[in-house]
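Per the working numbering, the very first residue in the sequence shown carries number 3; after that it's consecutive.
Think of the CB as a built atom: it goes at the ideal place given N, C-alpha and C, for glycine as much as any other residue.
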Amino acid sequence: MEVVNAAIRAFFHVLLSPFAGRPVFLSLVPISALFGLAVLFAFELLSNRTAIAATRRRLWAHLLAIGLYAEELAVVGESALGVIQENARLLLYSVPALLVLTPVIALLFSHLDSFYGSSTLRPGSPAVLTVRLRDVRNGWPKLDLRAPAWIAIDIPPIHVAATNEVSWRIRALRTNRGSVTITAGTESVTKEIDSRPGPQYFSDVRAQSGLTALHYPAEPILPDGDITGVEITPMQRSSADWVWWFALFSMLLGPPLLWAGRRMI
3 MEVVNAAIRA FFHVLLSPFA GRPVFLSLVP ISALFGLAVL FAFELLSNRT
53 AIAATRRRLW AHLLAIGLYA EELAVVGESA LGVIQENARL LLYSVPALLV
103 LTPVIALLFS HLDSFYGSST LRPGSPAVLT VRLRDVRNGW PKLDLRAPAW
153 IAIDIPPIHV AATNEVSWRI RALRTNRGSV TITAGTESVT KEIDSRPGPQ
203 YFSDVRAQSG LTALHYPAEP ILPDGDITGV EITPMQRSSA DWVWWFALFS
253 MLLGPPLLWA GRRMI
């Protein structure tokens, strides 16, 4: 499974790297447009177009009947019931496409969020690096944080036994990209760290849990061991507004692209 995940990460890294550090809309607009086009095309490919067209005609007929015979309560009631039935049929015809597209879209959004929604460090600004351990009821293991020369460790680690966590306050001294190494007893793991201007393909969290890793896919999951998660929390985080812009551009640009493609064929 990790081989597949590594291949997907490599694909998104190649796709998004040319846009790293550039204005967000330079990449968001074309990617959103292509996404909207792909979703519309997939819906057409996976849905029963003939049945959907017939259902839409019946739906419009019911709506027209409601407008034309507004004073005939029996007709209005029958047409209103017909509108509900035809809408239910349209939803039913969309189920095959939704079953196929939903996991694909979820995967796409998790990787795009690692680019547009992740928070790289800002040189000179503090951040908190938190390590989660499996269980410290029997005592804390010997902990060590090794960072590159361009990362300053401002204060000694702070231990929080209630949550099995230990945290360091760190600070990027200049723009760079690399990794830190965390050692707990005999176990060592790494975590990518990035202080280049965003957006960058970067995960704030590296986790051992598969479900958490799905939300932060830019790094491999942690191996089995006492360290269950590593998180970097900048004091100033990126906004999730990109999702709304992505949806808007997809809806506005997808249909015209599909129409233009049909005209060219």
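DSSP-derived helix/strand/coil call for residue i
i    : result
P128 : strand
G180 : strand
G256 : helix
G231 : strand
L18  : helix
L135 : strand
S116 : helix
I107 : helix
N140 : coil
S121 : coil
F251 : helix
Y95  : helix
E221 : coil
Q202 : coil
G263 : helix
G79  : helix
Residue i to residue j span [Cα, whole Å]
i    : j    : result
E194 : N7   : 17 Å
V133 : W142 : 12 Å
G79  : S49  : 30 Å
N140 : A163 : 11 Å
S127 : I160 : 19 Å
S116 : D206 : 8 Å
L216 : A9   : 14 Å
R198 : R124 : 8 Å
beta-carbon residue i near the ligand ADP non-hydrogen atom, thresh 7 Å
i   : result
V78 : Annotation note on the ligand ADP: not contained in the displayed structure, which lists no ligands.
Beta-ladder partner(s) of residue i, from DSSP
i    : result
H161 : V168
E194 : S181
L145 : A186
A174 : I153
P236 : A129
Extent of the continuous alpha helix (DSSP H) to which residue i belongs
i    : result
R208 : Careful: R208 lies outside any alpha helix (DSSP H), inside the beta strand (DSSP E) at 207-209.
A72  : Looking at the DSSP string, A72 is not in any alpha helix (DSSP H), and its letter there is neither H nor E.
S34  : 26-48
L213 : 212-217
Where the beta strand (DSSP E) through residue i begins and ends
i    : result
L155 : Here residue 155 is Ile; the residue named in the question, Leu, does not match the sequence. It spans 153-155 - the beta strand (DSSP E) in which I155 sits, taken as one unbroken run.
Original post:
How about the stretch 249-261 and the stretch 204-222: do they share at least three Cβ pairs that are nearer than 8 Å?
Top reply: no
Original post:
Quick one: any contact between the stretch 48-65 and the stretch 30-39, if contact means 3 or more CB pairs under 8 Å?
Top reply: no
**OP:** Would you check if there are 3 or more beta carbon pairs closer than 8 Å linking the stretch 97-109 to the stretch 179-187?
**Re:** no
Original post:
Are at least three pairs of beta-carbons, each pair with one atom in the stretch 16-31 and one in the stretch 104-112, less than 8 Å apart?
Top reply: no
Original post:
How do the stretch 195-205 and the stretch 11-20 stand: do at least 3 beta-carbon pairs fall below 8 Å, yes or no?
Top reply: yes
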